[in-house]
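S.K.: One structure follows; several queries about it will come next.
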Amino acid sequence: MSAPSQRVSVLRLGHRRERDKRITSHLGLTARAFGANEVILAGEEDESALDTWRSVSDRFGGDFECRYEPKPMALLRRFSQDAGDGHPGIIVHLTMYGESWRESLNSIERGRPMVIVVGGTKVSGEVFRLANHNISIGNQPHSEVAALGVFLESFIGPLDESKHFQGGEIQVVPSLDRKQVMSLGEE
Ligand code: SAM
0 MSAPSQRVSV
10 LRLGHRRERD
20 KRITSHLGLT
30 ARAFGANEVI
40 LAGEEDESAL
50 DTWRSVSDRF
60 GGDFECRYEP
70 KPMALLRRFS
80 QDAGDGHPGI
90 IVHLTMYGES
100 WRESLNSIER
110 GRPMVIVVGG
120 TKVSGEVFRL
130 ANHNISIGNQ
140 PHSEVAALGV
150 FLESFIGPLD
160 ESKHFQGGEI
170 QVVPSLDRKQ
180 VMSLGEE
């Protein structure tokens, strides 16, 4: 498992408030559930997406962060040179035009801060050039949520949820035949 030793952020490009409401919300929840540390929203500013992600983290625990970024390309240019410690970060761009994730996974550097970029509308050529890895989850068009889930599961691997999602108000108790939730609030 690479998290939490490797900080993993997901950058959601080109969000459209009305059209992408649900899919962007699900993208952030998928990022959280599969072990990313942060989702960064770009495109149209949308407090409701940020509210959803914060509310799920408050209820279900963990240290997941989220924020809006008005200048995502500037962020990527900077990150490709300096991840905040004077050394380049790793940029992974999920795109159906990229190399197969099965073949590329072992060549992706571990231990450095990573930004995983997913698109919405058309992604600019500069993203392809800035990325250290343009990775496809199959070469057919599908969804940013599916692509992110498959990539994170294969790159980070199974999470120990009891360690990863500490704090919070409730915890799901896995059950064969019913919905069971444990309240973690103070007595
Ligand atoms: N190109 C379409 C458009 O302009 O509306 C939609 C792009 S697609 C629905 C949105 C994002 O899903 C892509 O930018 C990419 O990050 C991800 N995606 C879709 N299919 C993928 C695949 N086969 N492999 C990796 N990522 C994929």
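So in numbering that gives the first Met the number 0, the last one in the sequence shown is 186, and the numbering has no gaps at all.
From the three backbone atoms N, C-alpha and C, an ideal C-beta is built for every residue, glycine too.
1) Regarding residue 93 and ligand 1, is the C-beta to nearest heavy atom distance less than 7 Å?
2) Closer than 7 Å to a non-hydrogen atom of ligand 1 - does that hold for the CB of residue 141?
3) State yes or no: is the C-beta of residue 114 within less than 8 Å of the C-beta of residue 88?
4) Just to confirm the assignment, what range does the beta strand (DSSP E) spanning residue 91 have?
5) How many angstroms separate the CA atom of residue 3 from the CA atom of residue 162?
6) Report the CB separation of residue 48 from residue 9 in whole angstroms; it is logged as a contact under 8 Å.
7) Looking only at DSSP bridge pairs, what is residue 66 linked to?
8) Should residue 27 be flagged as near chain C, meaning a C-beta pair shorter than 8 Å?
9) Check the DSSP bridge columns for residue 117 and list the partner residues they point to.
10) With contact counted as at least three CB pairs below 8 Å, one residue from each stretch, are the stretch 158-176 and the stretch 48-64 in contact?
11) Once the 5 residues before and after residue 23 are set aside, which same chain residues still bring their CB inside 8 Å of it?
12) Helix or strand or just coil, what does DSSP make of residue 132?
13) Whose C-alpha, out of 106, 43 and 155, is nearest the C-alpha of residue 18?
M.R.: In short:
1) Locating residue 93 in the sequence shown gives position 94, where the first residue counts as 1. Yes, ligand 1 has a heavy atom inside 7 Å of this Cβ.
2) Here residue 141 refers to the residue found at position 142 of the sequence shown. Yes, Cβ of residue 141 sits closer than 7 Å to a heavy atom of ligand 1.
3) Here residue 114 is taken as the residue at index 115 of the sequence shown, counted from 1. Here residue 88 is taken as the residue at index 89 of the sequence shown, counted from 1. Cβ distance < 8 Å, so residue 114 and residue 88 count as in contact.
4) Along the sequence shown, read from residue 1 onward, the residue named residue 91 stands at position 92. First-last of the beta strand (DSSP E) with residue 91: 89-99.
5) For the purposes of this step, residue 3 is taken as the residue at position 4 of the sequence shown. For the purposes of this step, residue 162 is taken as the residue at position 163 of the sequence shown. Confidence at residue 3 is low in this model, with a pLDDT of 48, below 50, so the placement of that residue is unreliable and no value is reported for it.
6) The count along the sequence shown starts at 1 and reaches residue 48 at position 49. The count along the sequence shown starts at 1 and reaches residue 9 at position 10. Going by Cβ atoms, the distance from residue 48 to residue 9 rounds to 12 Å, so no, they are not a contact pair.
7) Position 67 of the sequence shown, counted from the start, is the residue given in the question as residue 66. According to DSSP, which records beta bridges pairwise, residue 66 is partnered with 39.
8) This model lacks chain C altogether; it includes just one protein chain.
9) Position 118 of the sequence shown holds residue 117. 11.
10) At 8 Å Cβ cutoff, the stretches touch.
11) Start at 1 with the first residue of the sequence shown, and residue 23 comes out as number 24. Cβ neighbours of residue 23 beyond the five flanking positions: 11, 14, 40, 45, 48 and 119.
12) As a working note, residue 132 is residue 133 in the sequence shown. The answer is strand: DSSP assigns residue 132 an E or B state.
13) Residue 18 sits at position 19 when you count from the first residue of the sequence shown. Nearest of 106, 43 and 155 to residue 18, Cα basis: 43.
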